[in-house]
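Using my numbering, read the sequence shown as starting at -13 and increasing by one per residue. Note that the Cβ used here is the ideal one computed from N, Cα and C, for glycine as well. Report on one structure; see the data block that follows.
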Amino acid sequence: MIKRIQNKVAESRLALPVMAVFACLVWVLAGVIQGQWWMQFVCFAVSTYLMVELNNGNALIRIYSRMVSCAFLLMSCASCFLFPSLGGAIVELCFIASFAIAFHCYQDKQSPGWTFYSFLCLGLASLVFVQTLYLVPLFWLLMKVQLNSMSWRTFFASIIGLAMPYWFALCWLLFRDKFELSVTHFQQLAEVRVPFDYSMLTVQQVALYVFVVVLAVTGTIHFWRNSIDDKIRIRQFFSCFITVDAVVLILLALQPQHYDMLFRMAVVCTAPLIGHFIALTRTRITNIAFFAIVAVGLLLTVLSLWMPSMSL
């Protein structure tokens, strides 16, 4: 069996350490020291670790490969102008954690504990980005259709987990006599701007969106064509990634004012798809595609460092 450069890199044990060093270098160049973005960097490091665990713990790729984590790092570094956003870093971390915990509930309708923690993460994310609540019905649907973990017990556990951060937040607001902030928070759910208003986006933001869409479509088509080789459990997990990714990318296209948060969610869902593509294909065309992905990712990283976004 022919092993191209793409496959040697995908199966190399040095791939993730090299990408981790690259990511740290990008953070330094982006200004983590001058900007005092230490909490953002900690969230990013923990998010990367969770992506590693998401891949390893669920065996998302049927061979030894760290391409899921590497793809996550590449897309994150290409959008390094988002690094200063602490809210975005928290949402991304909670989003990954929610997926990782939800997968523990696969085919287990008696898992209210794991379900509670999964939706607790979504609830924490919604404290920062209330529009995260739009995705809750989708997660319930995935629990029913893909994960087969929906029951009355897990449903009520999800509601309690989702509501718990708000119980503590409301108690704090009442103590500080600032209850009106809770009303303002939920009012944002009804604030919908004119769709497709891209005047607020910079060139690199649009380029990154197109880049991630191309990666998502490429990974999705590849998985649909070759999913027969994966276990049923892995097919269900990837169906979750594909579904959430499609919804998030559509939401981002409709409401680009939420670019910071939604783009990070898209990166989380796209990383397993393109990682699966890179690790498990071995043709001449896919080898060229691998070089193109790396080249475009590096180019976008340079552009993001050279021309930081002014939209934050």
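- Counting every other CB atom within 10 Å of its CB across the protein chains shown gives TRP24 a total below 16, marking it as exposed.
- Residue burial annotation: THR269 is exposed, with fewer than 16 other C-beta atoms found within 10 angstroms of its C-beta.
- For SER33, the CB contacts under 7 Å within the same chain, skipping 5 residues up- and downstream, are GLU78, LEU79, ILE82 in chain order.
- Under the 10 Å beta carbon count, TYR50 is surrounded by fewer than 16 other beta carbons and is classified as exposed.
- By alpha-carbon distance to ARG179, the top candidate from SER104, SER137, LEU240 is LEU240.
- Sequence-distant partners of LEU167 (beyond 5 residues in either direction) whose C-beta falls short of 8 Å from its own C-beta, in its chain, are LEU159.
- ILE236 and ASN(-7) have their alpha carbons spaced roughly 32 Å apart.
- Classified as exposed, TYR35 has fewer than 16 neighbouring CB atoms from the shown chains inside 10 Å of its CB.
- Between the segment 39 to 47 and the segment 252 to 265, the count of C-beta pairs closer than 8 Å reaches three or more; the two stretches touch.
- Below 8 Å, too few C-beta pairs join the segment 209 to 217 and the segment 91 to 109 to call them touching: fewer than three.
- The criterion of a C-beta distance shorter than 8 Å is satisfied by ILE47 and ALA265.
- Apart from the 5 residues on each side of it in sequence, ARG250 sits with its Cβ closer than 6 Å to the Cβ of GLY74, GLU78 in its chain, given in chain order.
- Scanning its chain for C-beta atoms nearer than 6 Å, with the 5 sequence neighbours on each side dropped, one finds around ALA143 the residues PRO98, THR101, PHE102, in chain order.
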